[in-house]
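From first to last, the protein sequence lines stand for chains E and S.
Going from the first sequence to the numbering used here is simple: count from 1 and add 88.
Going from the second sequence to the numbering used here is simple: count from 1 and add 141.
Just so you know, even glycine gets a beta-carbon here, dropped at the ideal spot from N, CA and C.
Small disclaimer: the values here were computed from a predicted structure and weren't measured.
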Amino acid sequence: MKKEEFLSKLRRKLSVLDNNEIDDIIVEYEGYIDEKIAAGKTEEEATADFGSVDELAKELLRAYKINVDKSSFTEQVESGFNEFGKFIDKTAERIGKGDSKDIFTFVIEMFILLIGISILRIPFQIFSSLSQSIFFDSGIGFPVNVFGAILVAFIWIIYVVVSFYIMVNFFKTRYHKYFNQGVRVEDDETHETIMKDNEVRKHERVSREEIYYGESKDSFTKVLIFIFKFFMVIFMIPVFFSMLGLGFAIGFCIYLLVKGITYYGVFLILIGVFFIASLIFDIGCRFINNKKSNGALIVINIIVSITLMVVGTFMTIDEFLNTKIIYDASENTTSYVEKYSYDYNSNFKLYGSISEIEFVIDESLTDTINVELIAYNEYFKNNTKLVERKSGVYVEYKERFSSEYLDIIVENLKNKEIEVFRYVPIIRIISSSANIEQIRSNNAYRYNYKYIEYANENTESNGNYYNNEDYNKENY
Amino acid sequence: MKGVIFINTQFKKGVLELLVLVMVFGKDMYGYELVEAVRKIVDVNEGTIYPLLKRLTNDGNFETYLEESSEGPIRKYYRITVLGKERTKVLLNEWKSFSDSVNQFIGGIKL
Chain E
89 MKKEEFLSKL
99 RRKLSVLDNN
109 EIDDIIVEYE
119 GYIDEKIAAG
129 KTEEEATADF
139 GSVDELAKEL
149 LRAYKINVDK
159 SSFTEQVESG
169 FNEFGKFIDK
179 TAERIGKGDS
189 KDIFTFVIEM
199 FILLIGISIL
209 RIPFQIFSSL
219 SQSIFFDSGI
229 GFPVNVFGAI
239 LVAFIWIIYV
249 VVSFYIMVNF
259 FKTRYHKYFN
269 QGVRVEDDET
279 HETIMKDNEV
289 RKHERVSREE
299 IYYGESKDSF
309 TKVLIFIFKF
319 FMVIFMIPVF
329 FSMLGLGFAI
339 GFCIYLLVKG
349 ITYYGVFLIL
359 IGVFFIASLI
369 FDIGCRFINN
379 KKSNGALIVI
389 NIIVSITLMV
399 VGTFMTIDEF
409 LNTKIIYDAS
419 ENTTSYVEKY
429 SYDYNSNFKL
439 YGSISEIEFV
449 IDESLTDTIN
459 VELIAYNEYF
469 KNNTKLVERK
479 SGVYVEYKER
489 FSSEYLDIIV
499 ENLKNKEIEV
509 FRYVPIIRII
519 SSSANIEQIR
529 SNNAYRYNYK
539 YIEYANENTE
549 SNGNYYNNED
559 YNKENY
Chain S
142 MKGVIFINTQ
152 FKKGVLELLV
162 LVMVFGKDMY
172 GYELVEAVRK
182 IVDVNEGTIY
192 PLLKRLTNDG
202 NFETYLEESS
212 EGPIRKYYRI
222 TVLGKERTKV
232 LLNEWKSFSD
242 SVNQFIGGIK
252 L
């Protein structure tokens, strides 16, 4: 291996360290190689003397107390379980020694702690319900309810963090109080040597703690870190899928932007949220793998994301204030009508997705029932089917994502409009008045129907009708 | 290599630490010099000594300074600290009592 190749390889393997540290090491090794070349070796010989770069890097990282061997996740889990086992053993041993007074107080303290934590829940519960009722159930809709949901989640996250912190502190102090003392007092001979050793080690410790990262001391902290990591892994799963979803959403946004829609705010917000999610994911993964995070990068990421989200929010507010929402779109657009004809049957009923039924009286139709399906655009018509059943008709409505629907939305958004469609088609029934009376009573149990009865004799084209509200009320 | 001791790797690592400490205790040395000196006594890969130096430095046993050499490259010299001296003494005592008891035992065996 050439010198440059060797050094760049080594640099890559040491990437978890600080840049300053890496530079320091690289310069040093460059010096060694130069020294050997000066002594008459070739570059290849000089680098070969170091052995494999992997091993060398591993040894160097070990000098920083970074355990490379246990970086694989399964091994970490294994060691976590081992530590947990040791912890249990120690506890059992402690109980076995029969310091029952200690254990008794511990249990009592534990009980009080749990009660304390459950009492702590009350104010959080109040805040949560309050924000729920203000933002969520108020019925204002889109931006407000999202904010409410975030607030509620945030309140509970704070509660979990606070209780976790209290628990950790409680266990930590108790652990040191009961375990460490107990072990030391037990044998006086080793006690002295431990003390002597500690004198020397104390100095080392202080400097070590400042320099090293991720050094775990006793099995208690190890167990704690393991538990924390376990939750981290569980937490990472939804984060990962949100990232995936956000990725799709951003892709869709890019598609819409390419199509010529000028809503940039949502796009910016999505990118901002994506950055935050990826940051959380990155930190989580690094934590699980015992790797150092780059502080400057995190700060930059947060600043960029927040800027994007704030700018995006204001842009979105502006863009949506400039958007016209058309509620009666369905009445202005062309109707698509599909006609079906059935023989009269005294049990005739309607099932399925129906929001409205219109009855039109045509006295000439004594033996047949004409059913019309009215949809306000082709998309809804294509998604609806009338299926004949033994005693009536089943209206089958399947919402499918089709390019037609997307085209309608894109076209509307280009004009800065949002059309609100009546998305379940209207069924119009044409038959003689006696038949209609029968059909109506057959369907009486479906109280959520809206009946519009045409009073004319012939066709639906004459708009002279009355709303049969009294009839509806009877059925409520 | 004549007179060089070949020993088990784990064991070697422990001894190596002692050797390096003792050498730097004697006088300030730079990396390459140290490697050559150690290799006269124990057959060892350079790859094991440099990380050891790094670790001992990180643990506060050594401090380093740079000095330009007459031959060219800038050399990083290792100097022992108070903590390092302390550690050397501890290790040396451990080694002495360890080798004494081993020797005593071995000396009693007649083959």
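Throw me the rounded Cβ distance for the residue i and residue j pair, which I believe falls under 8 Å.
{"i": "Lys124 of chain E", "j": "Tyr191 of chain S", "result": "Not really, about 12 Å apart at Cβ, beyond 8 Å."}
{"i": "Phe242 of chain E", "j": "Asn233 of chain E", "result": "That pair is no contact at about 15 Å."}
{"i": "Lys195 of chain S", "j": "Ala151 of chain E", "result": "4 Å"}
{"i": "Tyr219 of chain S", "j": "Thr205 of chain S", "result": "6 Å"}
{"i": "Phe138 of chain E", "j": "Gly188 of chain S", "result": "4 Å"}
{"i": "Tyr482 of chain E", "j": "Val475 of chain E", "result": "4 Å"}
{"i": "Lys154 of chain S", "j": "Val183 of chain S", "result": "Contact doesn't hold; Cβ gap of about 10 Å is too wide."}
{"i": "Glu446 of chain E", "j": "Arg528 of chain E", "result": "Actually they do not touch by this definition, with Cβ atoms about 12 Å apart."}
Along the chain, where does the beta strand (DSSP E) containing residue i start, and where does it finish?
{"i": "Lys473 of chain E", "result": "Thr472 to Arg477"}
{"i": "Val481 of chain E", "result": "Gly480 to Tyr485"}
{"i": "Arg488 of chain E", "result": "Note, Arg488 of chain E: premise wrong, no beta strand (DSSP E); not H, not E."}
{"i": "Leu438 of chain E", "result": "Lys437 to Gly440"}
{"i": "Lys412 of chain E", "result": "Lys412 to Ile414"}
{"i": "Glu451 of chain E", "result": "Taken as a continuous stretch (DSSP letters only), Glu451 of chain E belongs to no beta strand (DSSP E), as it is neither H nor E."}
{"i": "Tyr506 of chain E", "result": "According to the sequence shown, residue 506 of chain E is Ile rather than Tyr. Counting along the chain, the beta strand (DSSP E) containing Ile506 of chain E begins and ends at Glu505 to Glu507."}
Short check: CB of residue i to CB of residue j, under 8 Å?
{"i": "Val361 of chain E", "j": "Cys341 of chain E", "result": "no"}
{"i": "Leu207 of chain S", "j": "Val179 of chain S", "result": "no"}
{"i": "Asn523 of chain E", "j": "Ile496 of chain E", "result": "no"}
{"i": "Ser100 of chain E", "j": "Ile114 of chain E", "result": "In the sequence as presented, Ser is not what sits at residue 100 of chain E; that position holds Arg. Against a cut-off of 8 Å, the Cβ pair of Ile114 of chain E and Arg100 of chain E comes out as no contact."}
{"i": "Ser519 of chain E", "j": "Asp431 of chain E", "result": "no"}
{"i": "Leu232 of chain S", "j": "Leu159 of chain S", "result": "yes"}
{"i": "Val141 of chain E", "j": "Lys97 of chain E", "result": "yes"}
{"i": "Thr135 of chain E", "j": "Phe94 of chain E", "result": "yes"}
{"i": "Met403 of chain E", "j": "Tyr352 of chain E", "result": "yes"}
{"i": "Ile457 of chain E", "j": "Leu396 of chain E", "result": "no"}
{"i": "Phe203 of chain S", "j": "Ile221 of chain S", "result": "yes"}
{"i": "Lys469 of chain E", "j": "Ile376 of chain E", "result": "no"}
{"i": "Ile414 of chain E", "j": "Glu505 of chain E", "result": "yes"}
{"i": "Gly400 of chain E", "j": "Leu356 of chain E", "result": "yes"}
{"i": "Gly335 of chain E", "j": "Lys502 of chain E", "result": "no"}
{"i": "Phe166 of chain S", "j": "Lys226 of chain S", "result": "yes"}
{"i": "Gly372 of chain E", "j": "Met331 of chain E", "result": "no"}
{"i": "Phe258 of chain E", "j": "Leu208 of chain E", "result": "no"}
{"i": "Ile467 of chain E", "j": "Tyr428 of chain E", "result": "Correcting the residue identity first, residue 467 of chain E is Tyr in this sequence and not Ile. No. Outside cutoff."}
{"i": "Lys380 of chain E", "j": "Val104 of chain E", "result": "yes"}
{"i": "Val256 of chain E", "j": "Leu312 of chain E", "result": "yes"}
{"i": "Glu253 of chain E", "j": "Phe212 of chain E", "result": "Here residue 253 of chain E turns out to be Tyr, not Glu, going by the sequence shown. Cβ atoms of Tyr253 of chain E and Phe212 of chain E: not closer than 8 Å."}
{"i": "Ile172 of chain E", "j": "Phe314 of chain E", "result": "First, the amino acid is wrong: residue 172 of chain E is Phe here, not Ile. Yes, the Cβ-Cβ distance between Phe172 of chain E and Phe314 of chain E is below 8 Å."}
Looking at the strands, I want to know which residues DSSP matches up with residue i.
{"i": "Ala463 of chain E", "result": "E:Tyr424"}
{"i": "Ile457 of chain E", "result": "E:Tyr430"}
{"i": "Met170 of chain S", "result": "S:Tyr219"}
{"i": "Val243 of chain S", "result": "Val243 of chain S is not bridged to any residue."}
Which residues mark the beginning and the end of the alpha helix (DSSP H) in which residue i is found?
{"i": "Thr264 of chain S", "result": "With chain S running from 142 to 252 in the structure shown, residue 264 of chain S is simply not present."}
{"i": "Phe203 of chain S", "result": "Unbroken run through Phe203 of chain S is the beta strand (DSSP E), Phe203 to Glu209; no alpha helix (DSSP H)."}
{"i": "Lys217 of chain S", "result": "No alpha helix (DSSP H) contains Lys217 of chain S, which is instead part of the beta strand (DSSP E) from Ile215 to Ile221."}
{"i": "Ala127 of chain E", "result": "Careful: Ala127 of chain E lies outside any alpha helix (DSSP H) and carries neither H nor E."}
{"i": "Phe224 of chain E", "result": "Unbroken run through Phe224 of chain E: none, as it is neither H nor E."}
{"i": "Lys101 of chain E", "result": "Lys91 to Lys101"}
{"i": "Thr401 of chain E", "result": "Gly383 to Leu409"}
{"i": "Gly372 of chain E", "result": "Gly353 to Ile376"}
{"i": "Ser529 of chain E", "result": "Ser521 to Asn530"}
{"i": "Val141 of chain E", "result": "Val141 to Ala151"}
Shorter than 7 Å, the distance from the beta carbon of residue i to the closest heavy atom of the ligand GDP, or not?
{"i": "Arg528 of chain E", "result": "Questions concerning the ligand GDP fall outside what the structure shown contains, since it holds no ligand whatsoever."}
Under 8 Å between beta-carbons, which chain B residues line up against residue i? List them in chain order, please.
{"i": "Lys124 of chain E", "result": "Here the protein chains are E and S, and chain B is not one of them."}
In chain order, what residues of the segment 237 to 249 of chain E put their CB closer than 9 Å to some CB of chain S? none
What residues from the segment 228 to 243 of chain S come within 8 Å of chain E, judged by C-beta to C-beta, listed N to C? Arg228 and Val231
For the segment 180 to 196 of chain S, which residues have a CB atom closer than 9 Å to at least one CB atom of chain E, in sequence order? Asn186, Glu187, Gly188, Thr189, Tyr191, Pro192, Leu193, Leu194, Lys195 and Arg196
Give, in chain order, every residue of the segment 154 to 166 of chain S whose Cβ lies closer than 7 Å to some Cβ of chain E. none
Taking a Cβ distance cut-off of 7 Å, strictly less, list which residues of the segment 127 to 144 of chain E are near chain S, in chain order. Asp137, Phe138, Gly139, Glu143 and Leu144
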